[in-house]
Amino acid sequence: MVAGNPPATVLDDEPAGPQLSAVPRKGALNPTARYILRRLGLYLITLWGSLSASFFFFRMLPGDPISGIIAQLQTRGQYSAIEGSQDMVEHYRREFGLDGSLGEQYVRYFQNVFTRFDFGPSVLSYPTASTDLILRALPWTLVLIGVSTLLGWLLGILLGTLTGWRRRSRWAEWVTNTALVFSHVPSYFVALVLIIFLAYRFSLLPANGAYDASLQPEWSLEFFLSVIKYATLPVLATVLVSLSGWMLSTRALVVSILGEDFLTFANAKGLTPRRILTSYVMRNAWLPQIAALGMALGSVVSGNVLIERLFRYPGVGNLLVDSVVIKDVNTAMAVVTLLIFMVLTINLIIDLCLPLIDPRVKFTS
Amino acid sequence: MTESRNHRINRRSLIAATGGASALALAGIQGAGAAPDEVAPAAAAVAQAANLPTPREQTLVIESDPTNIWDSFNPFIPNGEAGGFGIATISRELLFYTNALTGDIKPWLGREYAYNDDFTQCTLTLHPDAKWSDGEPFTADDVVFSQTLLLENPALNGAAAAIRDIKAVSASDAHTVVWELTAPNARFHYRFQSFFGDQIKIVPKHLWEGQDAGTFTFNPPVTTGPYTLVEASSSKLHYLWQKNPDYWNIAEFNPAPEYVLFRQMGEVDASVQEFLAGNVDHSARLRADYLNQQMIEAQYDKTSRFDFPDPCPRGFHFNVDSPSGLFKTPEGRWAVSHLIDRETAASTIWQPATRTATYPWADYESWKAWAPDEVMSQFDLTLNVDKANELLDQLGATERDGDTRVLDGKPLRLTIISPRVTTDPEFQIAVAFATTAKEAGIDVEVKSLPGSAYGDAFNSGQYDIACAWICGMQFDPYQLYLGYHSRNYVPVGEAANAGNVVRLQSAELDDLIDQLADVDPTAEASRPVFDQALEVFMRELPSAPIIQTPYPLLFNTAYWTGWPTPENPAEMPADWLSTFLPVLGLLQPAGE
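Listed in order, the protein sequences are those of chains Z and A.
Residue 1 is where the first sequence starts when you use the numbering used here, and the numbers rise one by one after that.
Residue 1001 is where the second sequence starts when you use the numbering used here, and the numbers rise one by one after that.
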């Protein structure tokens, strides 16, 4: 148990009632197993509810996606049959799963998604499947946004802990104030300034693409180093902003912990400042940040369209925006489904793992 | 120092930190917009590598609109190919290249065509030397096969027009194609010469035969053009094309760039920096972005600009069945037309400054004859608020609800939709109109609906006015008028996918369109019908032209010179048109 802590947080607490027997009934699940099962059940219900909500949201958007496609083709000059386009309209309505009643579409959608992981063909790149489009872009998003999120989190909580711990020092004030500024600046703007200076003024880092265009994607050191080199600037732009947020929130947590009685007690026991920082302050301050990281990691899969566009990076953010703009229902729903799945699943994992990292948290019957 | 004081943010250090960050940012922004005499920073930018897979001096680099299509080259399905990334602009050739700016038509894969006496049969002769990039001969069989694909698959893009117009198609010999038409049609050859949209698309029979044309990705593509695909990469976001040394027409047309790289554009700021660094030769992101072009020209002297006159004037489309009820009569439409300040739109809103538009097509020399003065002089397209007020009074909108007129018991409120974002001139034209309309007692709300939202609203009639482009004319005005025929009328709420988006029902115009369908547009005898149709169109005014629309196209001369000029515009040199290929024939290495 963490020294001097408040009472344990109890998950899945059942209503108080007469204890019939202290001995578990034969065949009854232990509290942990029961909690896990209930949590899994809740997870599945939330997943189903969220997916249903997103299905109806996209289906009930005003306008007809097929008309939108035809209007778009007309604008691009790729479609000009002034008359008799009904065959085309009906064909693509079937192809994109937009025929039949809303109920029929709903059943068909869930059947396809859960039995074949098939979201249907994309409008953006017909006949390529929506899932293929996502699988192409997802690794790049995980590289860029995933690494940025983890780096921003790690550096943010380290700096936040240090600036909170050393809050009286001048450097901590400077770092805090600089973080305050950066936390309110959009990452797009930071990226732009970095591009102008680091890429074009001083030619230190590339700002265009995900890797050297003369290379082919392969498992080689050269390609790996190229990916790191090209990701440096966009990661830096994202990390500078995100670490400020993490830093400030961690600092606030640390500062609030510093006033707790158990720290006074630890001091009185004669523990070294280093021991107090690592065993008492950091453990208490970081726990909420771990849960918050879970949420942030879940959102990674939706990408960051502004950073991706600015650096010509092939991520999911671009895909999501493009699919919404041209009302590619299948692709947009596939991305949103992935996002829902990731956020819920990571939260589930954190909920299940929390007792392992925070001994105050217990499953009780 | 007390504990509580340490918890506060020190104001001085906060200001200093803010100031430092702002100075850094401003320095960066200033660098982006340096004055001409401070060119050194921009020159330093050249050191930033272009991230190209090929030598820069051998590569033409074009930034194109974002795409998600990387593995399909099927021209018969929606989003089946990324046309702007080379397949439609430098790789797939046309039968004829039309230069609407000059009226010239250049035979290419096709040599000549002819009709029978009653225009029910059309015969096309192909170039006998043409070959596909895989070495197979390009023959009449390929044309017949491609046309038959459309006739047999009604869901393919372009099939509806083919089924409507073609009874049978056959090859009389290896290089001659004969079409039997469903009705006399003196315009059938337009599909050989079109520069936008409905040109005939020919695919190699030896690769397509036995494939499902609705899903075949045709990857890698085999075309007749001078460039073949090296790679289309979804992670590099580019299409790389290389010159085909065995190109069938290399003796006549041998473009200088060894490679052409079409890459997906970034945000505008990134595109500006790339242009300044000499890494991009032409960018769709900077197309028509006159302010950024001026900024580039101010600090970078290796540019060439061509103001491409777009075939489509900008104007208002009036929804005849609009909720306001104002546009159910021509008087209502004309009242609004009198409230449009075309002069301001042309001189101030559209940049570079342009000319006002009076007829619904571009004022190309070769097209001017379709709008004779004796017809157009009958119509006053100037700003005239008094005249507008007079017409609105005549319509019965005399009462007012506050400052707003009341028509049919409802305050006169109009919604203008625009497919452009709020900073674009099409949107700004609508905003300027809103101010003038207020003077006449009309409330106007302007909405920007980018993407498919505009198509939805426009096609289903959920608008009063659409401020956009007036397109359709390529060879004669019948093509434009066809989009206003009432046989394609559908009520508001239903998608007008077959045309007549403005929901016009004019028996007089219908009759003239039907007459025009049967005439030979090149025959002098048909001119009175065309003039009559224009007169009726202008009297009805379902769409009101506002301005002619020059698109400023900025080209980089650091590596390639010879870009289109007003004196030598090539064919239609816009990179989004399939007539872009001849531009490559103009280019020469700059020697850097």
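Yeah, the Cβ is synthetic: ideal placement off N, Cα and C, and Gly gets one too.
Because the structure is a prediction, the values reported are computed rather than measured.
| Asked | Found |
| --- | --- |
| Rounded Cβ spacing between Z/P121 and Z/N330 (contact assumed at less than 8 Å) | 7 Å |
| 7 Å CB neighbourhood of A/C1122 in its chain, flanking five on each side removed | Y1113, Y1115, W1179, L1181, F1188 and H1189 |
| With 16 other Cβ atoms within 10 Å as the buried cut-off, status of Z/M274 | Checking the displayed sequence, the identity of residue 274 of chain Z turns out to be Arg instead of Met. Exposed, because fewer than 16 other Cβ atoms sit within 10 Å of the Cβ of Z/R274. |
| C-alpha distance - Z/V301 paired with A/S1234, whole-angstrom precision | 18 Å |
| Cβ contact check for the region 1493-1500 of chain A and the region 1334-1352 of chain A: 3 or more pairs under 8 Å | no |
| Sufficient close CB pairs (3 or more, under 8 Å) joining the region 1286-1295 of chain A to the region 1086-1094 of chain A | no |
| Z/M295 versus Z/E218 - alpha carbon distance | 31 Å |
| Proximity below 8 Å, CB of Z/L51 to CB of Z/I307 | no |
| CB contact flag (Z/R166, Z/L102, <8 Å) | no |
| Best match in A/Q1273, A/P1411, A/F1192 and A/D1456 for proximity to Z/P206 [C-alpha to C-alpha] | A/Q1273 |
| Segment contact, 8 Å Cβ cut-off, at least three pairs: the region 1527-1546 of chain A with the region 1194-1205 of chain A | no |
| Chain-ordered chain Z contacts of A/L1052 [CB-CB under 8 Å] | A213 and S214 |
| Exposed unless 16 or more other CB atoms sit within 10 angstroms - verdict on Z/E104 | exposed |
| Host beta strand (DSSP E) of A/P1309 (start-end) | T1303 to P1309 |
| Inter-residue CB distance, A/A1335 and A/L1391 (contact presumed, cutoff 8 Å) | 4 Å |
| Alpha-carbon spacing of A/L1326 relative to A/N1185, whole angstroms | 38 Å |
| Cα-Cα separation between A/H1317 and A/F1145, rounded to whole angstroms | 39 Å |
| Rounded straight-line distance, which links the Cα of A/D1424 to that of A/V1444 | 18 Å |
| Residue interval of the alpha helix (DSSP H) (run including Z/Y92) | Q86 to E95 |
| Endpoints, the alpha helix (DSSP H) within which Z/V305 is located | V305 to L310 |
| Z/L11 versus Z/D261: straight-line alpha-carbon distance, rounded | Unreliable placement is indicated for Z/L11, whose pLDDT of 47 sits below 50; no coordinate value is reported for it. |
| Any C-beta of chain Z under 8 Å from that of A/A1466 | no |
| CA nearest to the CA of Z/D118, picked from Z/T272, Z/P288 and Z/V335 | Z/V335 |
| C-beta contact flag for A/G1315 and A/P1569 at 8 Å | no |
| Spatial distance of Z/H184 from Z/I196 (CA atoms) | 20 Å |
| 8 Å Cβ cutoff, A/H1206 in contact with chain Z | no |
| Proximity of Z/L236 and Z/S226 at Cβ, strictly below 8 Å | no |
| Under the three-state DSSP convention, the category Z/K229 falls into | helix |
| Straight-line gap, A/T1176 to A/L1554 (C-alpha atoms, nearest Å) | 41 Å |
| Opposing strand residues paired with A/A1082 [DSSP bridges] | Paired residue(s): none; A/A1082 is not in a bridge. |
| Where the beta strand (DSSP E) through A/F1316 begins and ends | R1314 to F1318 |
| Residue nearest to A/T1593 in terms of C-alpha spacing, selected from A/R1413, A/Y1481, A/W1560 and A/A1183 | Chain A is shown from 1001 up to 1592; residue 1593 of chain A falls before or after that span and cannot be answered. |
| Proximal residues to A/S1304 (C-beta, below 6 Å), its chain only, five neighbours per side dropped | F1555, T1557 and W1563 |
| Where the beta strand (DSSP E) through A/V1177 begins and ends | T1176 to L1181 |
| Cβ contact (3+ pairs, closer than 8 Å) linking the region 1384-1400 of chain A and the region 1564-1583 of chain A | no |
| Close Cβ partners of Z/N304 (< 6 Å) along its chain, the five nearest in sequence each way excluded | I145 and G317 |
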